[in-house]
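In terms of this note's numbering, the sequence shown opens at residue 1 and continues consecutively.
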Amino acid sequence: MAPEDGFTKNQWLSLAASVSGWALDAMDWMMLALLLPLIGAEFGLSLPQLGLLATLTLAGAAIGGIIVGVLADYYGRVRMLMLTMLWYSVFTGVCAFMQSYEQLCVARFFTGIGLGGEWAVGAALVSEYWPDRHRAKITSLVHSGWPVGYGLASLAFMLVGPTYGWRGMFLVGVLPALAAILIRLTVPEPEEWVKAKEARGRAKEATPFPLAALFSPGLLRNTLWCSIFTTGALMAYWGAGTWLPSYLASVRGLTIVKSGGFLLLLNVGGFLGYQFYGWLADRHGRRLALQVGFGAAIVSTLIYVMLPSEDMLFWFGPIFAFNTYGVFGPFGAYISELFPTEARAAGTAFCFNVGRAVSMSSPFIIGLLAQGYGLSFGLGATMVFNLIGIIALVFLPETVRAGKKVHFASTKAQAPAVS
């Protein structure tokens, strides 16, 4: 564990690696959302067919995320972070050369395999480098890479999209490969993971396989309820996030350039929201911050889809993103604290990607609702998923409050944690 006072070079390197990895991951996801109207126009696709592209990407992410999480507990956080970034960079570039809808579906599935592993590995990396009292703020900074990535995608879309179309945009997605190589060359593995690996080597028979450990008496409750929690949260996020650009273009009638401007400002709000909810989680507890955030997200979504004018939509956008994006800031800190070091990446990846696996249906479901009742109704329906997340948190322990750990994760059965 990192020292409580003072920050080291390796701490900052771990933060830079995780932020850049998450930002470039987000850039890829946002590019797909921005490009759906252009892809649909070229191949003559319906809304549910376009939603299936996002669904298949999420399916690949769910599978890849769990596999990478287990491998990261064995082979290292930094090594697997590099491999995931190389993987999704290559397959994003492959998407540019697909000649049919079916080919693009396959390419997006394989892209998702790489995208899925990045978050859990990055969360484990910074959690093992940074102390309890700063961890939620630091993982919120990592999540700040998400709106930065969205902003980069929006900027690239304004510069590249009008001239080179969706194929040119996917070629831009090859660039993260360069960052992956730099990360591997500069960031060392965290000492906490190295010690856990050495201990596992000395007591191999007594150490459970990371994925099996998640269902041990001490972790089963955390694993199940955390999976339900992430499912609700990610169903809401992917349902709204995938269709927001299409909502601005088709329902609100915004041009490509104007939609990009709306989304850039919206992501400024998201960036600020990450910092606020990270501070709130370190100051008053992880669970409270998450419950407040998801409640605010429900209210913000309801207001956003009911705003009558373009100007009101523009100025309320940052408030909408402050809550719907920002609430994910403490995710990395909270989920990683629910699991011990020897199963941390596997636990974080499993719960997050179970949520992803179920949430892969969300873009398709919202597409069906939009086809029948309109995109405004579809986006508003995501409030139900946020409510599921709030309820699940009631059954999970508080892990850190006011900078002090109040829950110690273990594979062994234990007394209920302070909550």
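The C-beta atom is built at its ideal place from N, Cα and C for all residues, glycine as well.
- Assigned with DSSP and collapsed to three states, Arg108 falls in helix.
- When the alpha-carbon of Ala281 is set against those of Ala136, Arg167 and Ser246, the nearest one is in Ala136.
- Between Thr84 and Met31, the C-beta spacing is not below 9 Å.
- A straight-line Cα-Cα distance of about 28 Å links Gly168 and Gly317.
- Around Arg252, the same chain offers Glu310 and Leu313 as residues with beta carbons nearer than 7 Å, after the five sequence neighbours per side are excluded.
- The DSSP assignment places 77 to 95 as complete runs of the alpha helix (DSSP H) inside the segment 67 to 127, in order along the chain (cut-off: 4 residues).
- For Gly374, there are no CB contacts under 6 Å within the same chain when 5 residues up- and downstream are skipped.
- With a beta-carbon spacing of about 5 Å, Leu393 and Arg287 fall inside the 8 Å limit used to define contacts.
- For the set Phe170, Trp243 and Glu42, the Cα lying nearest the Cα of Phe364 is the one of Trp243.
- In this structure, the beta-carbon distance from Phe322 to Ala233 does not fall below 9 Å.
- Secondary-structure assignment with DSSP links Val400 through a beta bridge to Lys405.
- Collapsing the DSSP output to three states places Ala343 in a helix.
- Here DSSP, grouped into helix, strand and coil, assigns Thr382 to coil.
- The Cβ atoms of Ala345 and Arg133 do not sit closer than 9 Å to each other.
- Per the C-alpha coordinates, the member of Leu125, Gly218 and Ala59 positioned closest to Val187 is Leu125.
- Take the alpha-carbon of Glu342 and the one of Ala196: they are about 6 Å apart.
- Between Gly145 and Val19, the CB-CB gap stays under 9 Å.
- The residues Gly260 and Leu264, in chain order, have a CB closer than 8 Å to that of Leu155 in the same chain once the five nearest residues on each side in sequence are set aside.
- Each residue's CA atom was taken as its position, placing Leu178 and Val160 some 20 Å apart.
- Counting other Cβ atoms within 10 Å of its Cβ, Ala212 stays below 16 and is therefore classed as exposed.
- Listed in chain order, the non-local C-beta contacts of Asn222 below 6 Å within the same chain comprise Leu338, local neighbours out to five positions each way being set aside.
- Taking C-alpha positions only, Ala107 is separated from Met98 by approximately 8 Å.
- The three-state reading of DSSP puts Val187 in coil, since its state is none of H, G, I, E or B.
- Following the DSSP letters along the chain, one finds Phe395 in no alpha helix (DSSP H), marked with neither H nor E.
- Contiguous alpha helix (DSSP H) elements confined to the segment 261 to 315 occur at 286 to 306, taking only those with 4 or more residues.
- Contact annotation: Ala72 and Ala349 have beta-carbon atoms nearer than 9 Å.
- For the 9 Å CB-CB criterion, Thr382 and Ala240 form a contact.
- By the Cβ test, the segment 42 to 50 is not in contact with the segment 325 to 340, since fewer than three Cβ pairs between them sit closer than 8 Å.
- Inclusion of Leu171 and Tyr164 in the CB contact set at 9 Å is warranted, their separation being smaller than that value.
- Straight-line spacing of the CA atoms in Ala333 and Gly285 works out to 11 Å.
- Nearest to Ile335 by C-alpha distance, out of Met158, Gln275 and Trp119, is Trp119.
- Per DSSP, the continuous alpha helix (DSSP H) segment holding Pro37 begins and ends at Lys9 to Phe43.
- The C-beta separation of Trp238 from Leu58 comes to about 6 Å, placing the pair in contact by the 8 Å criterion.
- Of the other Cβ atoms in all chains shown, 16 or more fall within 10 Å of the Cβ of Ala180; this residue is therefore buried.
- Around the beta-carbon of Trp22, 16 or more other beta-carbon atoms lie within 10 Å, marking it buried.
- Close CB contacts of Tyr304 within its chain, under the 8 Å cut and outside five residues either way in sequence, are with Leu313, Phe316, Gly317, Phe320 and Leu379 (chain order).
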